[in-house]
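Colleague: Per the working numbering, the sequence shown starts with residue -7, numbered consecutively.
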Amino acid sequence: MKLFVYHTPELTPTDNVPECAIAVDVLRATTTMATVLASGGEAVQVFSDLDQLIQQSESWPDEKRLRAGERGGAKVPGFDLGNSPLDCTPEIVEGRRLFISTTNGTRALQRVQDAKIVLTAAFTNRAAVVRYLLEKQPETVWIVGSGWEGSFSLEDTACAGAIAHSVVQQTNLSLDELAGNDEVISAIALYCQWQDNLLELFHHASHGKRLLRLDCLEDLKYCSQIDILDVLPIQQEPGVLKKHISS
Ligand code: 3SL
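Structure, rendered in structure tokens:
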């Protein structure tokens, strides 16, 4: 297995796709997606365009769908939900499909949606992602951070490092055997420095600060928990993620 980390969708190569791509948006899209599926949501369907989301979700029965929209961290007016994972309780999401559009996370997913295997990761479901990688041993893996409008995000790269670190620990691969680019080494170093203080790291992160200004401290606390959800979102068709059932 060769692992590559890309800090943002814009930094991913455009001339090829890996066997397995993992989209990461710790604050908060991929944390929300893991939470929805862990809470019994039927699927998560992602859109970059809000009008397209509304149009496609029209064909879904009212009681079986939820529309979630976020722009600039805030809920889109008229939508059922914003992008807070704390809203995604079983009472609200069970049996429903979440039609979601967010500023950056959904873009990262769309950027890698042609890979053979597409997963989403956050700190909350890191262990489930690593277990899948160790079981399936894909030849090439890209971990793609969502960043913020094209810029690097501390929390996404730290999460990429958490995944890479755990793969190194659980295999006898050396760092040089595993790492496909320098970003893997720097992501692991970032994670190792902050692994016991992820919430503090989020307080230093520009998007963490943006969410704090929007009164989202509880979301930051939730997103900073590691390995609390045993769920793996996996793409079933372009843009549609369901819970992976291991065979
Ligand atoms: O950019 C995104 O995709 C979102 O996750 C941003 S927010 O955390 O909902 O503000």
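Each residue gets a CB set at the ideal place from its N, CA and C atoms; glycine is no exception. Bear in mind the structure is a predicted one, so any value in this text is a computation, not a measurement.
My parser needs the alpha helix (DSSP H) runs of 4 or more residues fully inside the region 14 to 53; what are they?
Modeller: List check, alpha helix (DSSP H) in window: 21 to 30 and 42 to 49.
Colleague: For residue 227, does the count of other Cβ atoms within 10 angstroms reach 16, so buried, or fall short, so exposed?
Modeller: Along the sequence shown, one-based indexing puts residue 227 at 235. It counts as buried.
Colleague: Identify the continuous alpha helix (DSSP H) that holds residue 150 and give its terminal residues.
Modeller: Counting from one through the sequence shown, the residue named residue 150 turns up at place 158. Start and end: 146 to 162.
Colleague: For residue 225, which beta-bridge partners are listed by DSSP?
Modeller: Here the question's residue 225 lines up with position 233 in the sequence shown. Paired residue(s): 235.
Colleague: Measuring only from the beta carbon, is residue 75 closer than 7 angstroms to any heavy atom that is part of the ligand 3SL?
Modeller: Locating residue 75 in the sequence shown gives position 83, where the first residue counts as 1. Within the cutoff, so yes.
Colleague: When the distance is taken between beta carbons, is residue 19 closer than 8 angstroms to residue 215?
Modeller: On the sequence shown, position 223 is the one that residue 215 refers to. On the sequence shown, position 27 is the one that residue 19 refers to. Yes, the Cβ-Cβ distance between residue 215 and residue 19 is below 8 angstroms.
Colleague: In angstroms with no decimal places, state the Cα-to-Cα distance between residue 202 and residue 188.
Modeller: Along the sequence shown, read from residue 1 onward, the residue named residue 202 stands at position 210. Along the sequence shown, read from residue 1 onward, the residue named residue 188 stands at position 196. Cα to Cα, residue 202 sits roughly 22 angstroms from residue 188.
Colleague: Hey, is residue 17 close to the ligand 3SL, as in C-beta under 7 angstroms from one of its heavy atoms?
Modeller: Residue numbering aside, residue 17 sits at position 25 when the sequence shown is read from its first letter. Residue 17: yes, Cβ under 7 angstroms from the ligand 3SL.
Colleague: For residue 191, which residues from the same chain have a beta carbon less than 8 angstroms from its beta carbon, with the 5 sequence-adjacent residues on both sides left out?
Modeller: For the purposes of this step, residue 191 is taken as the residue at position 199 of the sequence shown. Answer for residue 191: 212, 213 and 216, listed in chain order.
Colleague: Does the region 127 to 139 come within contact of the region 5 to 13, defined as at least 3 CB pairs closer than 8 angstroms?
Modeller: Yes, they touch.
Colleague: Taking residue 186 as part of the alpha helix (DSSP H), name the residues at either end of that continuous run.
Modeller: By 1-based counting over the sequence shown, the position of residue 186 is 194. Start and end: 174 to 186.
Colleague: Is residue 246 near the ligand 3SL, judged by its Cβ being under 7 angstroms from some heavy atom?
Modeller: No answer is possible for residue 246: it lies beyond the span of the chain, which begins at -7 and ends at 239.
Colleague: What are the partner residues of residue 135, as DSSP defines its beta bridges?
Modeller: For the purposes of this step, residue 135 is taken as residue 143 along the sequence shown, with counting starting at 1. Answer is -3 and 14, bridged to residue 135.
Colleague: Compute the beta-carbon to beta-carbon distance between residue -3 and residue 156, rounded to the nearest angstrom, for a pair I have assumed lies under 8 angstroms.
Modeller: As a position in the sequence shown, residue -3 is number 5, starting the count at 1. As a position in the sequence shown, residue 156 is number 164, starting the count at 1. Indeed they touch by this definition, with Cβ atoms about 7 angstroms apart.
Colleague: Note down, one range per segment and in chain order, each beta strand (DSSP E) of at least 3 residues found wholly within the region 57 to 83.
Modeller: The region 57 to 83 contains these whole beta strand (DSSP E) runs: 57 to 63.
Colleague: Of all the options 166, 206 and 207, which has the alpha carbon lying nearest to the alpha carbon of residue -5?
Modeller: Locating residue -5 in the sequence shown gives position 3, counting from the first residue. Checked all of 166, 206 and 207; the closest Cα to residue -5 is 166.
Colleague: Suppose only complete runs of 4+ residues qualify. What are the alpha helix (DSSP H) ranges in the region 82 to 126, listed by chain order?
Modeller: Within the region 82 to 126, the complete alpha helix (DSSP H) runs of at least 4 residues are 82 to 85 and 97 to 103.
Colleague: Compute the beta-carbon to beta-carbon distance between residue 32 and residue 87, rounded to the nearest angstrom, for a pair I have assumed lies under 8 angstroms.
Modeller: Indexing the sequence shown from 1 puts residue 32 at position 40. Indexing the sequence shown from 1 puts residue 87 at position 95. Going by Cβ atoms, the distance from residue 32 to residue 87 rounds to 7 angstroms, so yes, they are a contact pair.
Colleague: Put residue 216 into one of helix, strand or coil per three-state DSSP.
Modeller: Your numbering for residue 216 matches position 224 in the sequence shown. Coil.
Colleague: Counting beta carbon pairs with one atom in the region 28 to 47 and one in the region 78 to 92, are three or more of them shorter than 8 angstroms?
Modeller: Cβ pair count under 8 angstroms is three or more, so yes.
Colleague: Using a Cβ-Cβ distance cut-off of 8 angstroms, determine whether residue 141 contacts chain B.
Modeller: Checking the listed chains, one finds no chain B in this structure; it contains a single protein chain.
Colleague: Cα separation between residue 219 and residue 194?
Modeller: Taking the sequence shown and counting its residues from 1, the one referred to as residue 219 is at position 227. Taking the sequence shown and counting its residues from 1, the one referred to as residue 194 is at position 202. About 17 angstroms.
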